[in-house]
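Engineer: Take a look at the following structure, please.
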Amino acid sequence: MKNIVILISGGGSNMAAIVKTAQQENWAQRHGARVAAVLSNKADAQGLVLARAQGIATEVLDHKPFESREAFDAALAAAIDRYEPALVVLAGFMRILSSGFVAHYAGRLVNIHPSLLPAFTGLHTHQRAIDAGCRFAGCTVHQVTAELDLGPIVDQAVVPVLPGDTADTLAARVLTQEHVMYPRAVRALLQTL
Ligand code: GAR
């Protein structure tokens, strides 16, 4: 069985979309794959509730007590590796990852970012797209490499920026597309592993 481990920090709606698609499409039988665990660096991440309700193993690893990014990332990798993951999926995991962590998961670590990369790496992507006068925005699934938000692109989806959009209305429009694109991208990646 190819194990998928999903990392979240908040709402977990992308995680939930992947879990739902895996169930609906019967990934276990058709692709020999399952979501084995959902890990969060925040104990109050809403997504943990969703994951537990689906009977998926969850773990919380709070980054705050750790002395360094490297120390946290090493503990996180140890927790992830207990599930022997074929694929590690970042889904709203709001941490910058150390180069050692990224190297450890080379070729099996993906992220979703709420912009049309390479535009608007980092935070506040929707407000920045509006401020720049962009007519289109979107989201990107990419392989994770040492350079923040700039690994090879797996897939992208485009939405219009509409007159009167706020960061919130644009984010909601983009998120709807994330929920379609990320499960599809994960499924495609699983087939290459
Ligand atoms: C999503 O929009 C995702 O693209 C973004 O956080 C949101 C998480 O929502 N990720 C980043 O900004 C990564 N830098 P979710 O927890 O409901 O999936």
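Read the sequence shown against the numbering used here and you will find it ends at 708, with the numbers running on by one and no gaps.
From the three backbone atoms N, C-alpha and C, an ideal C-beta is built for every residue, glycine too.
In terms of alpha-carbon separation, which member of I571, Q544 and Q539 lies closest to L554?
Structural biologist: Position 39 of the sequence shown, counted from the start, is the residue given in the question as residue 554. It is I571.
Engineer: Figure out for me which residue from V689, D670 and A703 has the closest Cα to the Cα of A652.
Structural biologist: In the sequence shown, the residue the question calls residue 652 occupies position 137. Checked all of V689, D670 and A703; the closest Cα to A652 is V689.
Engineer: Take the Cβ of P629 as the centre, count every other Cβ of all protein chains shown within 10 Å, and call the residue buried at 16 or more, exposed below.
Structural biologist: Here residue 629 refers to the residue found at position 114 of the sequence shown. Buried is the call here.
Engineer: Pick out the complete beta strand (DSSP E) segments inside the stretch 612 to 672, 3 residues or longer, and give them in chain order.
Structural biologist: Fully enclosed beta strand (DSSP E) runs of 3 or longer: 624 to 628 and 651 to 658.
Engineer: What's the gap between the Cα of G615 and the Cα of A672?
Structural biologist: Walking along the sequence shown from the start, residue 615 turns up at place 100. Walking along the sequence shown from the start, residue 672 turns up at place 157. If I take the Cα positions, the gap works out to 30 angstroms.
Engineer: Which residues does DSSP pair with S555 in a beta bridge?
Structural biologist: As a first step, residue 555 must be located in the sequence shown, where it is residue number 40. DSSP lists I523 and V575 as partners of S555.
Engineer: Would you give the residue range spanned by the beta strand (DSSP E) that A594 belongs to?
Structural biologist: As a first step, residue 594 is located in the sequence shown; it is residue number 79 there, counting from the start. Element bounds for A594: not the beta strand (DSSP E) but the alpha helix (DSSP H), R584 to D596.
Engineer: Cβ of P633 versus every heavy atom of ligand 1: is any distance shorter than 7 angstroms?
Structural biologist: As a working note, residue 633 is residue 118 in the sequence shown. No; taking the cut-off as 7 angstroms, the Cβ of P633 has no heavy atom of ligand 1 nearer than that.
Engineer: Within 10 angstroms of its Cβ, does T640 collect 16 or more other Cβ (buried), or is it exposed?
Structural biologist: Position 125 of the sequence shown, counting from 1, holds the residue named residue 640. Buried is the call here.
Engineer: Determine the closest residue to M516 out of H546, Q538, A537 and Q561, with distance taken between C-alpha atoms.
Structural biologist: Here residue 516 corresponds to residue number 1 of the sequence shown, with the count starting at 1. Checking every option, the nearest Cα to that of M516 belongs to H546.
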